[in-house]
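Numbering (the working numbering), first residue to last: 1 to 155.
Rendered as structure tokens:
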């Protein structure tokens, strides 16, 4: 597991281009307007992973929450296809029935963040997608019994 974490950390450092979260760029209405705005950084067990975030009210609320400081979320494996962890506070949601894919990040029940390393069909609000990792790398990163997520704003 440590070897996979080191590999992911190296890949992340080499390939990580922090994509600004257009919802975080105050007043931004289009992704191109967000290029100078803050971005949400996500690390899993200490390995920073590149994420493309959705432009929706939920991610906007997540950004507002992160403006107060970084967020630590302890997750647990569920169903053999995801890591799920409770957020300290609820976020606005707009759940729709969706079939997830490995790498998807979603909000479940308004107060739980879910990172997928497999597929599932359920009602979620999509938050984003881990970018640039293979299904095998996602399974190595997220397939353990638990994980520690850190979300923070990067200017």
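A virtual CB, placed ideally from N, CA and C, is assigned to each residue, including glycine. No experiment lies behind these values; they were computed from the predicted model shown.
For the pair residue 107 and residue 58, the Cα-to-Cα distance works out to about 8 Å. According to DSSP, residue pairing for residue 83 in a beta bridge involves 77 and 115. Exclusion of the five residues before and after residue 93 leaves 58, 107, 110 and 125 as the residues of its chain whose Cβ lies within less than 7 Å of its Cβ.
Distance from the Cα of residue 61 is smallest, within the candidate group 128, 91 and 148, for 91. By the 16-neighbour rule on beta-carbons within 10 angstroms, residue 154 is exposed.
In the structure shown, residue 100 adopts coil according to DSSP, grouped into three states. In the structure shown, the three-state DSSP call for residue 88 is coil. CA-to-CA, the gap between residue 84 and residue 67 works out to about 23 Å. Per DSSP, residue 142 is one residue of the alpha helix (DSSP H) stretching across 135-142. When the Cα atoms are used, residue 143 and residue 117 turn out to be separated by approximately 7 Å. In the three-state DSSP reduction, residue 61 falls in the helix class (H, G or I).
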